[in-house]
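> Protein chains in written order, with my numbering: chain A, 1 to 142; chain B, 143 to 557. This structure is in structure tokens; I'll ask about it shortly.
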């Protein structure tokens, strides 16, 4: 009887741990972040006409001294997110100072057309939620 | 008589190796890279730069074992590095650049002193300048100074990242800067970075670089209500400022630009290692997003070639401290970009083509990240790659209270 109970408990444990979704598994991986939450109601304090590709959601914005820092996510894959931001910067007349696409991350450093603001859009493929890319934006006086 | 024949043969062999046709039938030419750096005034910085240039040349190709060079367009180009001391003097830097022009140098790798006066002379001779230490905002301007490039953290990036890091802490900050070009450029960048948050600035003071006792200035900062100091100065002045504060039992946190990591700071304070504890500096991240492996490989390569850069101090446990080769990494990457540009245009003859190609090529940098310039940007280190590290027991580690720095690995400094 005791053996049967122990076996049942073991089976239940295996079932519970094995049943976690892909998101739950990803959440246990080091370096992952949550790309969920309530979207910002107001647009953050970014330069006028700052590119915002479709499927981008801003989750938080804060002021760190002279610099605006925005975090959010873009629904899609890293390569698509990188291309979307690149194209959006170019069509908005921004200068791309440096850009790099790697296996799990990408960065685009920019300067706005008025040359008054510069910063970076960093894209990271480390969201707990599947199909989302973390977006981290800095905007500081150029 | 036999000995005379042998001598003549030796002379002929040497002459044949100096130019003209190589044994394989192709031409051989020598390309000179000038390193203009303060070998007499900031030997650590200058020697590290020169070593980075040498390694960059060797790793761009070798025409014989241990002999830097490459073949392109049917010609073998041997790379030669010529070190010239700038002594931190703009006038001497000008003489160095004239010498580089006379030597028909293919590039000048420069600590940064005097570039305001030298860039146009180099430009007329079609010589690119690669600044690898100073971060002054006006030094690099792709439109006005198309031959000036930089791989080093910019003063703009360092000053703004310091403002982003410190202002949210609610500190009242004294902005201290020395009277060198490095300090003056830093003061301008700090003024700009803190101009929108003047409530965070307690005072702004000049530190005379030739004055070892900075007690009067440090006391003024304290009386102004400062709860933190940013000391933007060369290494010896940073050490003097720390000594002035700590010897008066003022435990105010001290922040610096990259010069805070200069071994001279720890050497000067070797008798009071506890005074170095807590010193925090801003610098360019040494490792890539993917991790520290590439930098470790580069650091091993550097150590194998030159031995460890001993700081000259020990931890409390008596272990000798070494310096990671950060200021070799930047010139290393610059030289590799230069050679990539020369290769891409089939040789160095058309200097304008080489300059133009510098905007097109990309190399894998020593830290694993890509290095590249483009027509709009001649700065190879972006502002967002500035991180913070803090000293404890004579070695530094990335801080944990800054989002970027918290993700970076500590670099071994005890080998």
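All residues carry an ideal CB built from backbone N, CA and C; glycine is no exception. This one's a predicted model, so the numbers in the text were calculated from it and none came from an experiment.
For residue 520/B, which residues does DSSP report across the bridge?
Paired residue(s): none; residue 520/B is not in a bridge.
> Of the residues that make up the stretch 59-80 of chain A, which ones have a beta carbon closer than 9 Å to any beta carbon in chain B?
Here the close residues are 62, 63, 64, 65, 66, 67 and 69.
> For residue 509/B, would you say it is in contact with chain A, using Cβ-to-Cβ distances shorter than 9 Å as the test?
no
> Do residue 510/B and residue 433/B count as a contact pair if the criterion is CB distance below 9 Å?
yes
> Roughly how many angstroms lie between the CA atoms of residue 55/A and residue 494/B, to the nearest whole one?
Here the C-alpha atom of residue 55/A lies approximately 44 Å from the C-alpha atom of residue 494/B.
> Let me see if you follow: with CB-CB separation under 9 Å, is residue 547/B close to chain E or not?
This model lacks chain E altogether, as its protein chains are A and B.
> Measure the alpha-carbon distance for residue 268/B versus residue 515/B and round it to whole angstroms.
17 Å
> Pick from 235/B, 431/B, 295/B and 340/B: whose alpha carbon is nearest that of residue 177/B?
235/B
> Please go through the same chain and pick out, in chain order, the residues whose beta-carbon is closer than 6 Å to the beta-carbon of residue 165/B, but skip the five residues on each side of it.
Below a pLDDT of 50, predicted positions are generally treated as unreliable, and residue 165/B, at 41, falls in that range; no measurement from the model is reported.
> For residue 557/B, I'd like the list of residues in its chain whose CB is within less than 8 Å of its CB, leaving aside the five on either flank, ordered along the chain.
445, 450 and 464
> Could you give the distance in angstroms between the alpha-carbon of residue 456/B and the alpha-carbon of residue 190/B?
21 Å
> What in chain A is Cβ-close to residue 524/B, meaning under 8 Å?
97, 98, 107, 109 and 120
> Can you give me the C-alpha to C-alpha distance between residue 211/B and residue 136/A, rounded to a whole angstrom?
Put simply, the backbone Cα of residue 211/B is about 42 Å away from that of residue 136/A.
> Quick one: residues in its chain with C-beta nearer than 6 Å to the C-beta of residue 115/A, no 5 flanking neighbours on either side, listed in chain order?
142
> What ranges does the alpha helix (DSSP H) occupy inside the stretch 196-268 of chain B, keeping only unbroken runs of at least 4 residues that lie completely in it?
232-244 and 257-266
> Using a Cβ-Cβ cut-off of 8 Å (strictly less than) and excluding sequence neighbours within five positions of residue 86/A, which residues of its own chain qualify?
These residues qualify, in order along the chain: 96, 99 and 108.
> Give every residue of the same chain whose Cβ lies closer than 6 Å to the Cβ of residue 296/B, excluding the five residues on either side of it in the sequence, and list them in chain order.
277 and 521
> Quick one: list the residues of chain A neighbouring residue 432/B, beta-carbon separation under 9 Å, in chain order.
Chain A residues near residue 432/B: 102, 103, 104 and 105.
> How many Å lie between residue 163/B and residue 213/B at the Cα?
Its pLDDT being 35, under 50, residue 163/B is placed unreliably in this model, and the value from its coordinates should be taken loosely. C-alpha of residue 163/B to C-alpha of residue 213/B: approximately 13 Å in a straight line.
> Would DSSP call residue 163/B helix, strand or coil?
Per-residue confidence for residue 163/B stands at a pLDDT of 35, beneath the threshold of 50, marking its modelled position as unreliable; the derived number appears in the next sentence. Strand at residue 163/B.
> Does the stretch 283-290 of chain B come close enough to the stretch 471-481 of chain B to have 3 or more Cβ pairs within less than 8 Å?
The stretch 283-290 of chain B makes no contact with the stretch 471-481 of chain B, as fewer than three CB pairs between them are under 8 Å.
> I need the straight-line Cα distance from residue 175/B to residue 502/B, nearest angstrom please.
Residue 175/B and residue 502/B: Cα-Cα distance of roughly 20 Å.
> With the cut-off set at 9 Å, would you say residue 112/A and residue 65/A are in Cβ contact?
Taking 9 Å as the Cβ cut-off, residue 112/A and residue 65/A do not qualify as a contacting pair.
> Determine the closest residue to residue 46/A out of 53/A, 61/A and 123/A, with distance taken between C-alpha atoms.
61/A
> I'd like to know whether the C-beta of residue 44/A is nearer than 9 Å to at least one C-beta of chain B.
For residue 44/A, the answer is no, since every Cβ of chain B falls outside 9 Å of its Cβ.
> Looking at the C-beta of residue 519/B, does it have a partner C-beta in chain A at a distance below 9 Å?
yes
> Leaving aside the five residues before and after residue 429/B along the sequence, list all residues of the same chain whose C-beta is less than 8 Å from its C-beta, in chain order.
436, 437, 509, 510, 550, 551 and 553
> For residue 183/B, which residues of its own chain have a beta-carbon under 7 Å away from its beta-carbon, when the five flanking residues on both sides are left out?
Excluding residues within five positions, the ones whose Cβ falls inside 7 Å are 229 and 230.
> Any idea if residue 311/B is buried or exposed, counting beta-carbon neighbours within 10 angstroms, 16 or more meaning buried?
So residue 311/B counts as exposed.
> With a threshold of 9 Å between beta carbons, is residue 308/B in contact with chain A?
yes
> Assuming residue 528/B and residue 424/B are in contact, meaning their beta carbons sit under 8 Å apart, how far apart are those beta carbons, in whole angstroms?
5 Å
> Should the stretch 245-256 of chain B be called in touch with the stretch 306-320 of chain B, which here means at least 3 C-beta pairs below 8 Å?
No, the stretch 245-256 of chain B is not in contact with the stretch 306-320 of chain B.
> Starting from residue 114/A, trace the alpha helix (DSSP H) in both directions and tell me its first and last residue.
That residue, residue 114/A, is in no alpha helix (DSSP H); it is neither H nor E in DSSP.
> Quick check: is the beta carbon of residue 539/B nearer than 9 Å to any beta carbon in chain A?
no
> What span of residues does the beta strand (DSSP E) with residue 101/A cover, start to end?
95-101
> Where does residue 392/B fall in DSSP's three states?
The three-state reading of DSSP puts residue 392/B in coil, since its state is none of H, G, I, E or B.
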